[in-house]
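According to numbering that gives the first Met the number 0, the residues represented by the sequence shown are 0 to 276, in order.
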Amino acid sequence: MESPSKRVDIVPAKRQALILEHLRISGAASIQELADTIGGSQSTVRRDLEHLMEKGYLERTHGGAHLLQPMRATFEREMTVNAELQHAEKVAIGREAALRLSARDSVIFDSSSTVMEVVRAAAERDLPLTVVTNSLDIADFAADIKSWRIILPGGTVRPGYRHLAGEPGESFIKTLHADLCMTGASAVTGTLLTETSLEVASLKRAMISSARKTILLVDSSKFTAPGFCTLSDISEIDEVITDEGISRDALSSLRSAERKVTVVSVSTLSASGRFKL
């Protein structure tokens, strides 16, 4: 019988992200191994595995599970789970990206979870900014920052995702001339950036075209097989910020395109999530 003292109360998205991260490293694992990893019960792990299987992340095996590799080109991670995956890497990337902001900049933020970490880090700097975003979460977070002007472009809320896409937002974005665009991508393959959704890719292309400078924020797990539709080529990006988990081949491809690449170290973060001095 499992000891209740070993169990921990973790929100489902965090548990599921821990399971996926363990499977990413190990390839496959038993239910008991996963229970030990998250500090929960086998019954909880079984429920999480069933959920992740239904959503297309993995396949069940006898007594355990393994990741689906490669995933479908149209596969989109759930927002809550995606925010927890490679979280430390996203925080480190976000803090580095926030240093690119200057007082009175106009900046377009897309709705990716890594860009959300830029917003959190930028809020600590208390810079006056004009912010354009299609993310309801970013707009909600930033609404109380008195030195920021927040603009939502309009559009339709995609079912299951807290962001806007389509018209009239896309046409509005095309009328802008922002200082910066900070965006993510579903996948980076060589020098190709891709997305899993046509409407999201179209909106991001408009964002990139409407800014004088674009910074791509992607953790090292995004260097993988291409998604369903092309977003852009790396030549349209001014700087890529990623983490030290990036492979040599992926890093070489970026640098061969003569783009600026900044690689952050997660070890520079303390347990509190702040950079060590």
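For each residue, glycine too, the CB sits at the ideal point set by N, CA and C.
Checking 8 Å against the spacing of the C-beta atoms, do residue i and residue j come in under that value?
i, j, result
"His21", "Thr36", "yes"
"Ile233", "Ser209", "no"
"Ile92", "Val118", "no"
"Pro158", "Thr188", "no"
"Phe236", "Arg254", "The residue you asked about is not Phe; residue 236 is Ile in the sequence shown. Result no, Cβ atoms of Ile236 and Arg254 do not sit closer than 8 Å."
"Ser185", "Thr195", "yes"
"His162", "Ser231", "no"
"Glu169", "Ala205", "yes"
How is the beta strand (DSSP E) around residue i delimited, first residue to last?
i, result
"Thr229", "228-232"
"Asp242", "238-242"
"Val90", "Note, Val90: premise wrong, no beta strand (DSSP E); alpha helix (DSSP H) at 86-97."
"Ala186", "186-188"
"Thr261", "259-263"
Going by DSSP, which residues form a beta bridge with residue i?
i, result
"Ile149", "Val130"
"Glu194", "Cys228"
"Ala28", "Ala64"
"Met181", "Phe108, Ile214"
Is residue i buried or exposed, if buried means 16 or more other CB atoms sit within 10 Å of its CB?
i, result
"Gln15", "buried"
"His61", "exposed"
"Thr229", "exposed"
What number of angstroms, rounded off, separates the C-alpha of residue i from the C-alpha of residue j?
i, j, result
"Thr261", "Ser42", "42 Å"
"Leu191", "Thr182", "14 Å"
"Glu116", "Val90", "6 Å"
"Arg124", "Ser105", "15 Å"
"Leu98", "Ile240", "12 Å"
"Ser251", "Ile245", "10 Å"
"Phe274", "Lys13", "Interpretation of Phe274 is limited by its pLDDT of 35, a score under 50 that renders its predicted location unreliable; no figure is taken from the coordinates."
"Met0", "Ser40", "For Met0, the predicted structure reports a pLDDT of 38, less than 50, and the residue's modelled location is therefore unreliable. The matter cannot be settled from this model."
"Pro127", "Ser201", "29 Å"
"His120", "Thr132", "Inspection of the sequence shows that residue 120 is occupied by Ala rather than by His. Rounded to the nearest angstrom, the two C-alpha atoms are 16 Å apart."
Between which two residues does the alpha helix (DSSP H) carrying residue i extend?
i, result
"Glu169", "168-172"
"Val44", "41-53"
Within the 8 Å Cβ cut-off, does residue i reach chain B?
i, result
"Phe108", "Of the protein chains in this structure there is only one, and it is not chain B."
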